[in-house]
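J.: Pasting in a structure now, in structure tokens, and then I'll have a few things to ask.
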Amino acid sequence: MNSNKLSTVELREAFFLALYKKAFPNFARYVARMDGSLEEAQDIFQDTLVIYYEKLASAQNEIVVNEQAYLLGIAKNLWLQRYKAGSKNQPLNDLDIEVVPDEQIATSKILYYLETAGKKCMELLRAYYYDCLPVNDVATLFGYSGTHSATVAKYKCLEKVRETVKQNTLKYADFIE
Amino acid sequence: MRTSLNKIKTIDDYFLRRMPHGDALLFEANTLLNNYLADDVKHQLNTYAIISQYSRQKIKEEIIAVQKTLFTAPQHRGFIHRITNLFKKY
């Protein structure tokens, strides 16, 4: 699978739907046997697909031979981690995303602001950094005349978001005052 | 590009490992000597974290929408039946 083919919401929707049909029944059977619920199976499978998508996006030349077995492996691991190791309700959210530790960011506040005031920028940055789309695809998707314009737009957006992050970064002192 | 964007590009190139080894070492030395640069690096790192968090949230919303379609749309009735049967308690 080439992640470049997943550049639009519609393409990703078809991709995720196919994966659900292909791999979810086996995982659901496993969870049912382990006395889990359908909701738990669905929750874990959502995170499985996020992990798989991130892997495909970041390692574009890697080929997963047996997609179904691979997804089942990720899902079983997540299940064991979350439901058998006593951390039942810990979401996938950003366990692996590092934030500079000596300052605490008001993350939800920033995300809310960026989702409303800077959505176009965030979508552009997502296409570059998360979906790892090639610059010419990004230019086409976002209607830029060429790769240079798209690259400059990326840096402008990065600057804008960085400024927001900077302004909203709360120093430790802010909490203890 | 204006100077401020070039500075952002330099930090970006460093983190994306698009910088030659010698330049990367020089960049690291500069971050030790220049507090403003060190601050910019820190904020840019936090910005990448925010982008990841935003993107992950969005992709998860897309997956949840797909799941909702799959478990409610009439054309997937066979699939729903097959899955719900697995969780029936006897």
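Protein chains in written order, with my numbering: chain E, 1 to 177; chain D, 178 to 267. The beta carbon of each residue, even a glycine, is placed where N, CA and C say it ideally should be.
1. Please decide whether M178 (chain D) counts as near chain E, where near means a Cβ-Cβ distance under 8 Å.
2. Could you spell out the range, first to last residue, of the alpha helix (DSSP H) harbouring K154 (chain E)?
3. What is the DSSP secondary structure of C132 (chain E), reduced to helix, strand or coil?
4. L124 (chain E) and V161 (chain E) - do their beta-carbons sit closer together than 8 Å?
5. Comparing C-alpha positions only, which one of E:G146, E:L72, E:L114 and E:A117 sits nearest to N136 (chain E)?
6. Is I63 (chain E) helix, strand or coil when you go by DSSP?
7. Measure the CB-CB distance between Q68 (chain E) and A23 (chain E) and report whether it falls below 8 Å.
8. Determine the direct distance from the alpha carbon of E54 (chain E) to that of L210 (chain D), and round the result to whole angstroms.
9. Using Cβ-Cβ distances below 9 Å, what residues of the stretch 33 to 61 of chain E are close to chain D?
10. Going along chain D in order, which residues have a C-beta closer than 7 Å to the C-beta of L182 (chain E)?
11. What residues in the stretch 224 to 235 of chain D have a beta carbon less than 8 Å from any beta carbon of chain E?
12. Could you check whether L214 (chain D) and T208 (chain D) sit closer than 8 Å to each other, using their CB atoms as the reference points?
13. For chain E, is any of its Cβ atoms less than 8 Å away from the one on T208 (chain D)?
14. Taking C-beta to C-beta, are D189 (chain D) and L158 (chain E) nearer than 8 Å?
15. How is the alpha helix (DSSP H) around A23 (chain E) delimited, first residue to last?
16. At the 8 Å Cβ level, is R259 (chain D) part of the contact set with chain B, yes or no?
17. Going by Cα to Cα distance, which pick from E:Y20, E:L19 and E:F45 is closest to L78 (chain E)?
18. For a test of the three-state rule: what should DSSP assign to L193 (chain D), helix, strand or coil?
19. Compare the C-beta of E13 (chain E) against all C-beta atoms of chain D and say whether one is closer than 8 Å.
20. Answer with yes or no whether the minimum CB distance from E205 (chain D) to chain E is below 8 Å.
T.: Once the coordinates are examined:
1. Locating residue 178 (chain D) in the second sequence gives position 1, counting from the first residue. Yes, its Cβ sits closer than 8 Å to a Cβ of chain E.
2. Along the first sequence, one-based indexing puts residue 154 (chain E) at 154. For K154 (chain E), the enclosing alpha helix (DSSP H) stretches over residues T147 to N168.
3. Residue mapping note: residue 132 (chain E) aligns to position 132 of the first sequence, counting from 1. Coil at C132 (chain E), not helix or strand.
4. As a working note, residue 161 (chain E) is residue 161 in the first sequence. As a working note, residue 124 (chain E) is residue 124 in the first sequence. Not a contact, by the Cβ cut-off of 8 Å.
5. On the first sequence, residue 136 (chain E) is found 136 positions in, with the first residue counted as 1. Check the Cα spacing between N136 (chain E) and each of E:G146, E:L72, E:L114 and E:A117: the tightest is with E:G146.
6. Along the first sequence, read from residue 1 onward, the residue named residue 63 (chain E) stands at position 63. In the three-state scheme derived from DSSP, where H, G and I count as helix and E and B as strand, I63 (chain E) is classed as coil.
7. One-based indexing of the first sequence puts residue 68 (chain E) at position 68. One-based indexing of the first sequence puts residue 23 (chain E) at position 23. In this structure, A23 (chain E) lies closer than 8 Å to Q68 (chain E) by Cβ.
8. Against the second sequence, residue 210 (chain D) aligns to sequence position 33. Against the first sequence, residue 54 (chain E) aligns to sequence position 54. Going from the Cα of L210 (chain D) to the Cα of E54 (chain E) covers about 36 Å.
9. Identification of residues in the stretch 33 to 61 of chain E having a C-beta nearer than 9 Å to some C-beta of chain D yields R33, G36, S37, L38, A41, Q42, F45, Q46, D47, L49, V50, Y53 and E54, given in sequence order.
10. A question about residue 182 (chain E) goes unanswered here, because the residues of chain E that appear run from 1 up to 177.
11. Cβ contacts with chain E come from T224, Y225, A226, I227, I228, S229, Q230, Y231, S232, R233, Q234 and K235.
12. Sequence index remark: in the second sequence, residue 208 (chain D) carries index 31 (1-based). Sequence index remark: in the second sequence, residue 214 (chain D) carries index 37 (1-based). Their beta carbons are under 8 Å apart, which means T208 (chain D) touches L214 (chain D) by this criterion.
13. For the purposes of this step, residue 208 (chain D) is identified with residue 31 of the second sequence, where counting begins at 1. It does not: the Cβ of T208 (chain D) has no partner Cβ on chain E nearer than 8 Å.
14. One-based indexing of the second sequence puts residue 189 (chain D) at position 12. One-based indexing of the first sequence puts residue 158 (chain E) at position 158. L158 (chain E) is positioned such that its CB atom lies closer than 8 Å to that of D189 (chain D).
15. As a working note, residue 23 (chain E) is residue 23 in the first sequence. V9 to R33 is the span of the alpha helix (DSSP H), which, as asked, contains A23 (chain E).
16. Among the protein chains in the structure shown, which are E and D, there is no chain B.
17. Counting from 1 along the first sequence, the entry for residue 78 (chain E) is found at position 78. E:F45 is the residue among E:Y20, E:L19 and E:F45 whose C-alpha sits nearest the C-alpha of L78 (chain E).
18. Start at 1 with the first residue of the second sequence, and residue 193 (chain D) comes out as number 16. Residue state, collapsed to three classes: coil.
19. Here residue 13 (chain E) refers to the residue found at position 13 when the first sequence is read from its first residue. Yes, E13 (chain E) lies at the interface with chain D (some Cβ there is under 8 Å from its Cβ).
20. In the second sequence, the residue the question calls residue 205 (chain D) occupies position 28. Not one chain E Cβ lies under 8 Å of E205 (chain D).
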